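Asks: Chains F and L, in that order, give the protein sequences.
First residue of the first sequence: 20, per the numbering used here; consecutive thereafter.
First residue of the second sequence: -7, per the numbering used here; consecutive thereafter.
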Amino acid sequence: NAGVTQTPKFRILKIGQSMTLQCTQDMNHNYMYWYRQDPGMGLKLIYYSVGAGITDKGEVPNGYNVSRSTTEDFPLRLELAAPSQTSVYFCASGQSGTEGEAFFGQGTRLTVV
Amino acid sequence: GENVEQHPSTLSVQEGDSAVIKCTYSDSASNYFPWYKQELGKGPQLIIDIRSNVGEKKDQRIAVTLNKTAKHFSLHITETQPEDSAVYFCAASSNGQNFVFGPGTRLSVLP
């Protein structure tokens, strides 16, 4: 059982470049999330989705976009990378309608130079 | 919105001693409080959680207590082992899914 899979694990971007962070889960979870984790800080919610076709902003959505065309996939798009987006990004998924755990991927370490 | 504070930010204990991490939250509507452990280079993993209708929950060497009146909850690890060294995050949620995380506590267990 793969759980939540993120790709790539590492990436270096130049300022102004764009990229997509991929996230897929095989647990048939309705809820999916994108968080960023800065050094010494907790996890900040970027975007989340409660099901295919539905997305909503979290605490820090500026500079990012998401889509949710299928239950399994929840890619995160950076259009014009900025140094402030240097961070570790975590995708997570969870079951809807219950108070249950969120399952996290291994993370993507992104550096914008 | 919800705000979760966590203390201490770093904690060093001798192997075999106990460790306590404390969190406070601001939204009285929060009713689900998970604790996550993050090892180096990995994603956070749930280790224990507690719901608002329960005051304490134990799982082997780990326990969590909740005081809803004071809006704080704590993680207790007894008989610490080197493999307990990690960053621990508390979180709060009012709907069981959208979590607000604390800033984390780096726990070091010294042999």
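Just so it is clear, CB atoms sit at the ideal spot from N, CA and C, and this is done for glycine as well.
A quick note: this is a predicted structure, and the numbers were derived from the prediction, not measured.
Measuring CB to CB, does Thr74 of chain F end up less than 8 Å from Thr43 of chain F?
Replies: Going by C-beta atoms, Thr74 of chain F is not nearer than 8 Å to Thr43 of chain F.
Asks: So what's Asp75 of chain F in DSSP terms, helix, strand or just coil?
Replies: DSSP places Asp75 of chain F in strand when its eight states are reduced to three.
Asks: How big is the Cα-Cα spacing for Ala49 of chain L and Trp27 of chain L?
Replies: The sequence given here has Lys at residue 49 of chain L, not Ala. Straight-line Cα distance between these residues: approximately 12 Å.
Asks: Let me see if you follow: with CB-CB separation under 8 Å, is Lys60 of chain L close to chain F or not?
Replies: No, because no Cβ of chain F sits closer than 8 Å to the Cβ of Lys60 of chain L.
Asks: Using 10 angstroms around the beta-carbon of Ile65 of chain F, count the other beta-carbons present and answer buried if the total reaches 16, otherwise exposed.
Replies: Buried: at least 16 other Cβ atoms inside 10 Å.
Asks: Across the region 54 to 66 of chain L and the region 28 to 41 of chain L, are there enough close Cβ pairs to call them in contact, namely three or more that are closer than 8 Å?
Replies: Touching, yes.
Asks: Closer than 6 Å by C-beta to Asp51 of chain L: which residues in its own chain qualify, once you throw out the five before and the five after it? Chain order, please.
Replies: If we look at Asp51 of chain L and ignore the five residues flanking it on each side, its Cβ neighbours are Ile40.
Asks: Between Lys63 of chain L and Tyr17 of chain L, how many whole angstroms is the CB-CB distance? I'm expecting something under 8 Å.
Replies: Contact flag correct, Cβ pair sits at about 5 Å.
Asks: Taking 8 Å as the CB-CB cut-off, is Ala21 of chain F touching chain L?
Replies: Judged by the 8 Å Cβ criterion, Ala21 of chain F is not in contact with chain L.
Asks: Mind pulling the alpha helix (DSSP H) runs of 4 or more residues that sit fully within the region 34 to 108 of chain F?
Replies: Runs found: none.
Asks: Which residue or residues does DSSP assign as beta-bridge partners of Thr72 of chain L?
Replies: Answer by DSSP bridge pairing: none, since Thr72 of chain L is not bridged.
Asks: What number of angstroms, rounded off, separates the C-alpha of Gly113 of chain F from the C-alpha of Val107 of chain F?
Replies: Using only the alpha carbons, I get a separation of about 20 Å.
Asks: Determine the DSSP secondary structure at Ala21 of chain L, reduced to helix, strand or coil.
Replies: Residue state, collapsed to three classes: coil.
Asks: Using the Cα positions of Asp9 of chain L and Thr72 of chain L, report the straight-line distance between them to the nearest angstrom.
Replies: Roughly 6 Å separates the two Cα atoms.
Asks: With 8 Å as the threshold, decide whether the Cβ of Leu62 of chain F is near any Cβ in chain L.
Replies: With 8 Å as the cut-off, Leu62 of chain F counts as an interface residue toward chain L.
Asks: What does DSSP give as the partner residue(s) for Pro123 of chain L in the beta ladder?
Replies: Any question about residue 123 of chain L goes unanswered here, given that chain L covers just -7 to 103.
Asks: Less than 8 Å between the CB atoms is what I'm expecting for Pro103 of chain L and Glu31 of chain L, so what's the real figure, rounded?
Replies: The pair is not a contact, with the Cβ atoms about 17 Å apart (cut-off 8 Å).
Asks: Can you check which of these residues, F:Tyr50, F:Gly61, F:Leu129, is closest to Gly94 of chain L by C-alpha distance?
Replies: Considering only alpha carbons, the answer is F:Gly61.
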